[in-house]
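Participant: Take a look at this one; I'll ask things after.
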Amino acid sequence: NLDDLLVIYEEEAEDWAAYMRSIFQNDQPEKVLLYNLEESTIEHLPALSCYRCKLLILSQALLDLLDEMKMTFLVRLLHPPDNVVILLCGVENSDALYELVPIQRACHELFADQDAEDYFSVISQVIYQRYVPADSYIAYEEFVTPDDSEEKEEPSWDIPANSPSTEMEKISVLVLPKRMSCE
């Protein structure tokens, strides 16, 4: 049972979390969960790990909130990086997050001054890509050993014709304000 979008935020960014949910309001809103990081516990991880896209609203307040338990929580939750989107809200870049939380720097990034269409496009792309569950993520390089003498077949990344991504053009879009302030 997969859900689509997990929005991780702290209290000061609650309006942003609600705004992100409203962008997907017409696209099965029951598959969007707003998750306040201040209430995080390790027991929540199994349920949260099943989301196709994990959107972290990165603000200075969230960085200030991070203690060792929350950093460990994020390390376990924010992978694989292809399934993670970081929305920079009131911070210039994600460097401080990567210094505090040792996750791969391959996450998608969005900025607070982008349009709702940009948010919808990037997050939809993550949701409808071929999903790799977080608990089964293994880097491709681990499958190839230097002493393999026979050629290995490359994995196929073709999207089947009946995949949800081929129907992406049919998704209805809710018209929202072009910008929302981070302050």
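Residues in the sequence shown are numbered from 1 upward in steps of one, following UniProt numbering. Glycine included, C-beta positions come from ideal geometry on N, C-alpha and C.
(1) Can you name the start and end residues of the beta strand (DSSP E) that LYS31 belongs to?
(2) Check whether the region 39-51 touches the region 92-101, taking contact to mean three or more Cβ pairs, one atom from each stretch, closer than 8 Å.
(3) Extract the residue ranges of the beta strand (DSSP E) inside the UniProt domain "PIK3AP1 Toll/interleukin-1 receptor" (4-127), only unbroken runs of 3 or more that lie entirely within it.
(4) Can you say whether ASN26 is buried or exposed, counting buried as having 16 or more other CB atoms within 10 angstroms of its CB?
(5) Hey, out of GLU14, ALA18, ASP15 and ILE123, whose CA is closest to ASN83's CA?
(6) Short check: CB of LEU78 to CB of LYS54, under 8 Å?
(7) Return the Cβ separation of LEU100 and MET71 in integer angstroms, given the expectation that the two are a contact with Cβ distance under 8 Å.
(8) Just checking my contact of ILE8 with LEU56 at CB under 8 Å: how many whole Å lie between their CB atoms?
(9) Applying the 10 Å Cβ sphere with the 16-neighbour rule, what's the burial state of MET69?
(10) Under a Cβ-count criterion, where at least 16 other Cβ atoms within 10 Å of its own Cβ denotes burial, should ASP148 be classed as buried or exposed?
(11) Should ASP64 be labelled buried (16 or more other beta-carbon atoms within 10 Å of its own) or exposed?
(12) Exposed or buried, ALA18, counting other C-beta atoms within 10 Å across all chains shown (16 or more means buried)?
Facilitator: On the basis of the data shown:
(1) Position 31 of the sequence shown holds residue 31. That residue, LYS31, is in no beta strand (DSSP E); it is neither H nor E in DSSP.
(2) No, the region 39-51 is not in contact with the region 92-101.
(3) Entirely contained in the UniProt domain "PIK3AP1 Toll/interleukin-1 receptor" (4-127), the beta strand (DSSP E) runs reaching 3 residues are, in chain order, 32-36, 51-58, 84-88 and 108-111.
(4) Along the sequence shown, read from residue 1 onward, the residue named residue 26 stands at position 26. Per the 10 Å Cβ criterion, exposed.
(5) Position 83 of the sequence shown, counting from 1, holds the residue named residue 83. The option with the nearest alpha carbon to ASN83 is ILE123.
(6) Your numbering for residue 78 matches position 78 in the sequence shown. Your numbering for residue 54 matches position 54 in the sequence shown. In contact: LEU78 and LYS54 (Cβ atoms closer than 8 Å).
(7) Along the sequence shown, one-based indexing puts residue 100 at 100. Along the sequence shown, one-based indexing puts residue 71 at 71. About 6 Å separates the two Cβ atoms, so the contact holds.
(8) As a working mapping, residue 8 is identified with position 8 in the sequence shown. As a working mapping, residue 56 is identified with position 56 in the sequence shown. Approximately 5 Å separates the beta-carbon atoms of ILE8 and LEU56; this is inside 8 Å, confirming the contact.
(9) Within the sequence shown, numbered from 1, the residue matching residue 69 stands at position 69. Counting C-beta atoms within 10 angstroms of its own C-beta, MET69 has fewer than 16 neighbours from the protein chains shown and is therefore classed as exposed.
(10) Within the sequence shown, residue 148 is the residue found at index 148, counting from 1. With a pLDDT of only 42 at ASP148, under 50, the local geometry of the prediction cannot be trusted, and no value is derived from it.
(11) On the sequence shown, position 64 is the one that residue 64 refers to. Around the beta-carbon of ASP64, fewer than 16 other beta-carbon atoms lie within 10 Å, marking it exposed.
(12) Along the sequence shown, one-based indexing puts residue 18 at 18. ALA18 should be labelled exposed.
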